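Protein chains in written order, with the numbering used here: chain A, 375 to 487; chain B, 4 to 120.
Reading through the structure tokens given below for one structure.
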């Protein structure tokens, strides 16, 4: 069964600190992996997209990594800001005509001043 | 560019009542998705349209949920009758195309928060 597991479930860090969120998946065949940021009361917004051949991709203070062999991805946030408080959702798309999308449950990140 | 619009933003109903949600995707987007997001969980796909045809509705509880996308633009999602466990945020998303590989970005609306009492 295609699954996407995220850890930790929740995380609290101080403003200015770095953190890393994890995503493990069993989706096969694999097409791409996205990290979304979801602010409270809003819909998810795409941060990065990575395909099979990409190992690292950055978007400002967000850096995503992908190891397609071990089926693991991480999202690293550098120098966290209060506005980074949100849920971060890992989403994997299957490579097929239906192109199924599997969402993780998300990591709830809280940044404390 | 206007984003995905959804209404209403909030809805409170009693169990066994009916409710309908509306979504207006980004202009020109062929693919439209409805998701159910229960508190503390990731979104779960309910139904996916390509233009006005259904691509995937395998997780739609068809005994009580229905959705349509007339003319391949706006879409409505209906629940009849509602149950307590339907309390969730209902997200609509759209993307420009659907194809093997699926590199296109989904753009989400703000969601409709439903509370069933």
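Don't be surprised by glycine CBs; every beta carbon is placed ideally from N, CA and C.
Keep in mind the model is a prediction, meaning the values are calculated, not measured.
With 16 other Cβ atoms within 10 Å as the buried cut-off, status of residue i
i: residue 456 of chain A; result: exposed
i: residue 458 of chain A; result: buried
i: residue 88 of chain B; result: exposed
i: residue 435 of chain A; result: exposed
i: residue 19 of chain B; result: exposed
i: residue 13 of chain B; result: exposed
i: residue 406 of chain A; result: buried
i: residue 97 of chain B; result: buried
i: residue 9 of chain B; result: buried
i: residue 61 of chain B; result: exposed
First through last residue of the beta strand (DSSP E) which encompasses residue i
i: residue 450 of chain A; result: 446-451
i: residue 85 of chain B; result: Careful: residue 85 of chain B lies outside any beta strand (DSSP E) and carries neither H nor E.
i: residue 74 of chain B; result: Taken as a continuous stretch (DSSP letters only), residue 74 of chain B belongs to no beta strand (DSSP E), as it is neither H nor E.
i: residue 12 of chain B; result: No beta strand (DSSP E) holds residue 12 of chain B; DSSP gives it neither H nor E.
i: residue 441 of chain A; result: 436-441
i: residue 400 of chain A; result: It is not in any beta strand (DSSP E) - residue 400 of chain A carries neither H nor E in the DSSP assignment.
i: residue 56 of chain B; result: 56-59
i: residue 475 of chain A; result: 475-477
i: residue 27 of chain B; result: 22-27
Within-8 Å CB hit, residue i to chain A
i: residue 80 of chain B; result: no
i: residue 44 of chain B; result: yes
i: residue 103 of chain B; result: Its pLDDT being 47, under 50, residue 103 of chain B is placed unreliably in this model, and the coordinates cannot settle the point.
i: residue 114 of chain B; result: yes
i: residue 118 of chain B; result: no
i: residue 52 of chain B; result: no
i: residue 94 of chain B; result: yes
i: residue 63 of chain B; result: no
i: residue 87 of chain B; result: no
i: residue 35 of chain B; result: no
i: residue 48 of chain B; result: yes
i: residue 111 of chain B; result: yes
Neighbour flag for residue i against chain B, beta carbons, 8 Å
i: residue 475 of chain A; result: yes
i: residue 382 of chain A; result: no
i: residue 463 of chain A; result: yes
i: residue 418 of chain A; result: yes
i: residue 480 of chain A; result: yes
Spatial neighbours of residue i in its chain, beta-carbon cut-off 6 Å, leaving aside the 5 residues before and after
i: residue 461 of chain A; result: 412, 480, 482
i: residue 75 of chain B; result: 54, 55
i: residue 442 of chain A; result: 426
i: residue 120 of chain B; result: 17
Sequence-distant residues of the same chain with beta carbon closer than 7 Å to residue i, five excluded per side
i: residue 94 of chain B; result: 38, 40, 46, 111, 112, 114
i: residue 422 of chain A; result: 408, 409, 431, 433, 436, 438
i: residue 386 of chain A; result: 484, 486
i: residue 72 of chain B; result: 35, 52, 55, 78
i: residue 398 of chain A; result: 379, 445, 446
i: residue 390 of chain A; result: 453, 454
i: residue 136 of chain B; result: Outside the shown range of chain B (4 to 120) lies residue 136 of chain B, about which nothing can therefore be said.
8 Å contact criterion, which residue i and residue j should meet: CB distance rounded
i: residue 404 of chain A; j: residue 466 of chain A; result: 7 Å
i: residue 476 of chain A; j: residue 376 of chain A; result: 5 Å
i: residue 68 of chain B; j: residue 49 of chain B; result: 7 Å
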